[in-house]
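To keep things clear, I will list the structure first and then write my remarks on it.
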Amino acid sequence: MSKTAQEVLKRKTGRVEMRNIVKCFPGVRANSQVCFDVDPGEVHALLGENGAGKSTLMRQLYGMYRPDEGEIIIDGVPTSFRSPADAISAGIGMIHQHFMLVPTLTVAQNVALGQASSRGPLLDLKVVTARIIELAEEYGLKVDPEAFVWQLSVGEQQRIEILKALYRGAGLIILDEPTAVLTPQEVEDLFKTFRRMVAEGHSLIFISHKLNEVLAISDRITVLRDGKVIGTRAAKDVSRSELVGMMVGREIKALDPRPREAGVELLRVEDLHAMGDRGMEALCGVSFAVRSGEILGLAGVSGNGQRELDECLAGMRKSSGGKVLYKGRDISHCTLNERVDAGMAYIPEERMRDGAIREFSVQENVFLHDHESPEFRHGIFLDFAKMRSHAEALVHDFAVKTPSLDTPIKNLSGGNIQKLIMARELSRKPGFLVAAQPTRGVDIGASEYIHQRLLEQREAGTGILLVSEDLDEIMGLSDRIAIMYEGRIMGILDRGQASVEQIGFMMAGVEMGEALSAR
Amino acid sequence: MKNIFSLNVISGILNTMIALATPYLYAAIGEVFAQTAGVVNLGVDGIMLLSAFAAFYVALVTGNLWLGLLAAAVVGLLMGLLMSFVSVSLKAEQGVSGIGLYMLGLGLSSLLFKVMIGTVKTIEGFKPVELPLLSAIPFLGPILFRNNILVYAAFLLVPIAWFVLEKTTFGLKVKSVGQNPAAADSLGINVDRIRYVSVCIGAVLAGLAGASLSISLTNLFQDNLTAGMGFIAVALVYFGGWSPVGVLGGALLFSVVNSFQLWMQVLGVNIPSGVAVMLPYLLTIVALCVTVNRVRQPAALNKPFERGES
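These protein sequences, in sequence, are chains A and B. Per the numbering used here, the very first residue in the first sequence carries number 579; after that it's consecutive. Per the numbering used here, the very first residue in the second sequence carries number -9; after that it's consecutive.
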């Protein structure tokens, strides 16, 4: 064993135990009598839906929150962390779902941040850089210490986060949804790193809601639901369906869209070009067509032009070239309103930014667009009675859980907000729907509901462009799958034509012919 | 008219520029610290006013300029603590609390002036110190090296501030809490403490800016002595792209235009004085429109930090 690994082992965190943890926030009991433990050298997965209390539990272990009740015991010694600094010095590291990096600083500066320097108050970036290179070799993490973080890809940024934890001598590393933003191949590389870390004597806590990944990497799996531990199982003797049952509390039906004949062509996109926010071309000649009664899935790692494409179709972003035809009519230069009137609907990716107004009530959010429709007004006055009954009907039909129609929408859960947005968009009976990341951050129950609704729309003859980073969702719902990479469509495949791996290759930029012959 | 561009006049303009730039340098470099840590302190002008009064009054009563300087720094520190308490601990809207601080400084300095001094008096401020050898350099010598100690210190502050921000662990912490406080927090850095310290550094320097006005530049105190200089200093921070060197450039540019218009009036050049006085401010607006580089703006500027919000 190398010298650095021995150093790490010397500081290795032993057995960590959390006993009867209770943590309440106003109106929510986020953790209720939670017991959780990690053995040295173990990968222990924490599985659960959004809002199950996984991150809250781990933030207590990392000193960000203090438990209301319960104990944290490290190597048999009850410990109380006042801040992350205490957790770090106890050998605990955490890699957050949203990376905790300062984009305007270099890799070395990010790693050195908050650490004592060998030169007292002066920075010693040379020493830090040397140590980063050493660690990077030790664990097979390729990085450039001089690069600025804003220049790095998501996968590289994650490596920096891991290095930060290793640099601080963390024996136990908490990973909060580390695979959410990676391609399948990047996930495989990440898992290789995990195995190497475990071999060097680290223990890992892997927070996720992705069953396949949890089963692939973990020794033990603990499932949380509604802030409570449902059970802990050894990964080798538990099945996928048992885990789903534990997470959701009931059986979930597998998606099985009946194949059907697609209808006439609804939307045609020809050689579409558009600029991204940073002034670089984000769409470089995108072409595809969607027919009525068809779901076209658009797969890709986020940031490859999907958002720009959605916005171009919705009329929120100007295209710089090419055409969008809806029912044969060129709508490239139509405003958002004209597109909605023509029968297009849009479920935006950033639902709280583009889909709803946080402070507005549920009812007001239903009428963000339709308040101008003659149906809901008398002259210049709003017809509140009619608006209310319409909003009531939508909330009822789409099973939106809300205390009242006057509750500010920000107080609803992600799943209920999404259901409301969907209700609003579908109530106009659109001919064509763009659904961008419709189930991101949405719990399994609501996801299932949203998927059913999308399939119903398909049955009803609506053409749907489904944009998602979740390959399971894309493969489960789509009639055809388009793969996007760096502003281009790498290829369009029929349902069942390609495996996850092959689509993963194309998401990473491998040409279709090569990807399909790989295997 | 004929002698406007003679060597003497140019030398005079540049000499005045150096002196005029002094309060801007203190105040703006101080504001660089506060803003780099994510806090916009719009109360700079108020701090300058109250400190200018404190320095002047203490110097007038005790006859000791150094005690006056100390008083200005202490007043600056107290105002900085107040600003940090309101905007960091209580998480108040920074723009509004800064304006409040300004109003407090403006009103309190006027009141104290009326009660404690009453009429405009002058004192003998810091005297120019000629640096041996350097001040003998033709043309440049008299411009650069025949100034008082507060002027030299203001220019020395530029490399010192740069060094602190770029080369020390403290500087790295300041930048990180201004760019991504959640990241800093996750590494065990006390975000609020760093912001307190940065705002207070800024406020003490604003205090020195006030002192440099009342006991070095004008050697008097009157109502609203600063006439908005603190706000110009805040603008210079944006102009200088949050870097001490950029701030130096901005302060010199602004001061040279100001000095130019003063000399034009002194020489009796026939332009309306209102237009002349307006020139530097007009230039500031134009320069801000042209140069502000939002990319370098601290991403968490103006945003109070609360753990667990993402």
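We put the beta carbon where it would ideally sit given N, CA and C, even for glycine. The model shown is predicted, which means the values in this text are computed figures rather than measured ones.
With residue i as the anchor, note down where its beta strand (DSSP E) starts and where it stops.
i, result
"L850 of chain A", "E843 to M853"
"Q611 of chain A", "V606 to V616"
"F659 of chain A", "Run containing F659 of chain A: none; DSSP gives neither H nor E here."
"R1066 of chain A", "R1066 to D1072"
"E755 of chain A", "Here E755 of chain A belongs to no beta strand (DSSP E), and DSSP marks it neither H nor E."
"S865 of chain A", "E859 to R869"
"I1059 of chain A", "R1058 to Y1063"
Going along chain A, which residues have a C-beta under 8 Å from residue i?
i, result
"L170 of chain B", "According to the sequence provided, residue 170 of chain B is Asn. The question's Leu does not apply to it. Under the 8 Å cutoff, chain A gives M678, L679, V680 and P681."
"K302 of chain B", "Given a span of -9 to 300 for chain B in the structure shown, any question on residue 302 of chain B remains unanswerable."
"K157 of chain B", "L700 and L701"
Strictly below 9 Å CB to CB, what residues from chain A border residue i?
i, result
"D182 of chain B", "None at all; the shortest Cβ gap to chain A is about 11 Å."
"R185 of chain B", "Result: empty, since nearest Cβ-Cβ is about 15 Å, beyond 9 Å."
"F160 of chain B", "P699"
Looking only at C-alpha atoms, which of the options sits nearest to residue i?
i, options, result
"D35 of chain B", "B:Y16, B:V48 and B:G53", "B:Y16"
"I1042 of chain A", "A:I738, A:G629 and A:L874", "A:L874"
"I184 of chain B", "B:I275, B:G28 and B:V148", "B:G28"
"F23 of chain B", "B:V259, B:S166, B:S125 and B:E296", "B:S166"
"I909 of chain A", "A:L887, A:N943, A:V847 and A:D948", "A:V847"
"F603 of chain A", "A:G619, A:R644, A:E595 and A:A1076", "A:R644"
"G20 of chain B", "B:N248, B:L123, B:P234 and B:I113", "B:P234"
"S1100 of chain A", "A:V842, A:G881, A:F659 and A:G1069", "This structure cannot speak to residue 1100 of chain A, because chain A is shown only from 579 to 1097."
"V902 of chain A", "A:L845, A:V685 and A:E1079", "A:L845"
"G1019 of chain A", "A:A860, A:E928, A:R1006 and A:R869", "A:E928"
"H851 of chain A", "A:A725, A:D888, A:G733 and A:K742", "A:D888"
"G200 of chain B", "B:L71, B:P288, B:F295 and B:T12", "B:T12"
"G718 of chain A", "A:A777, A:T682, A:L683 and A:L691", "A:A777"
"I123 of chain B", "B:F116, B:G115 and B:P132", "As written in the sequence, residue 123 of chain B is Leu, which differs from the Ile given in the question. Of B:F116, B:G115 and B:P132, the residue nearest in Cα terms is B:P132."
Going along chain B, which residues have a C-beta under 9 Å from residue i?
i, result
"H674 of chain A", "A172, A173, S176 and S300"
Would residue i and residue j be called neighbours here (beta carbons separated by less than 8 Å)?
i, j, result
"F43 of chain B", "F153 of chain B", "no"
"S1044 of chain A", "A1013 of chain A", "Here the sequence assigns Leu to residue 1044 of chain A, which means Ser is not the residue at that position. For L1044 of chain A and A1013 of chain A, yes; Cβs fall inside 8 Å."
"N31 of chain B", "G88 of chain B", "yes"
"M554 of chain A", "F976 of chain A", "The requested residue 554 of chain A is not part of the displayed model; chain A covers only 579 to 1097."
"L243 of chain B", "A18 of chain B", "no"
"A812 of chain A", "L793 of chain A", "no"
"M7 of chain B", "S202 of chain B", "no"
"I987 of chain A", "V918 of chain A", "no"
"K163 of chain B", "I179 of chain B", "yes"
"I275 of chain B", "Y14 of chain B", "no"
"I740 of chain A", "V685 of chain A", "no"
"L635 of chain A", "I599 of chain A", "yes"
"I799 of chain A", "L679 of chain A", "no"
"G992 of chain A", "N628 of chain A", "yes"
"K104 of chain B", "L50 of chain B", "no"
"I710 of chain A", "D754 of chain A", "no"
"Y745 of chain A", "L713 of chain A", "yes"
So, for residue i: in the same chain, excluding its five sequence neighbours on each side, which residues have a beta-carbon less than 7 Å away from its beta-carbon?
i, result
"S696 of chain A", "D702 and V705"
"M642 of chain A", "P662"
"G827 of chain A", "R803"
Taking Cβ-Cβ distances shorter than 8 Å, what residues in chain B pair up with residue i?
i, result
"P662 of chain A", "D175, S176, L177 and G178"
"L691 of chain A", "L162, K163, S166, A173, A174, L177 and I179"
"S695 of chain A", "T159"
"I666 of chain A", "L177 and G178"
Excluding the 5 residues flanking residue i on each side, which residues of the same chain have their C-beta closer than 8 Å to its C-beta?
i, result
"G108 of chain B", "none"
"S300 of chain B", "Low per-residue confidence applies at S300 of chain B: pLDDT is 42, beneath 50, and the placement is therefore not dependable, though the value from the model is reported in the following sentence. Within the same chain, S300 of chain B has close Cβ partners A172."
"C912 of chain A", "G893 and A920"
"L67 of chain B", "C190, A193, V194 and G197"
Excluding five sequence neighbours on each side, which residues of the same chain lie with their C-beta closer than 6 Å to the C-beta of residue i?
i, result
"T761 of chain A", "V879, G1082, M1085 and A1086"
"K588 of chain A", "Model confidence at K588 of chain A stands at a pLDDT of 46, short of 50, so the residue's coordinates are unreliable and nothing is read from them."
"I651 of chain A", "E595"
"E649 of chain A", "R597 and P656"
"S1095 of chain A", "none"
How would you list, in chain order, the residues of chain A whose beta-carbon sits under 7 Å from the beta-carbon of residue i?
i, result
"R297 of chain B", "M642"
Listing by chain order, which chain B residues have their CB less than 7 Å from the CB of residue i?
i, result
"L861 of chain A", "By Cβ distance, chain B contributes nothing, its closest Cβ being about 24 Å from L861 of chain A, past 7 Å."
Quick check on the DSSP output: the alpha helix (DSSP H) that includes residue i runs from which residue to which?
i, result
"H968 of chain A", "F962 to D975"
"T52 of chain B", "V34 to T52"
"V918 of chain A", "L914 to A920"
"N943 of chain A", "V940 to V944"
"N994 of chain A", "G992 to L1004"
Report whether the distance from the Cβ of residue i to the nearest heavy atom of the ligand NAD is below 7 Å.
i, result
"A663 of chain A", "No copy of the ligand NAD appears in this structure; indeed no ligand is present at all."
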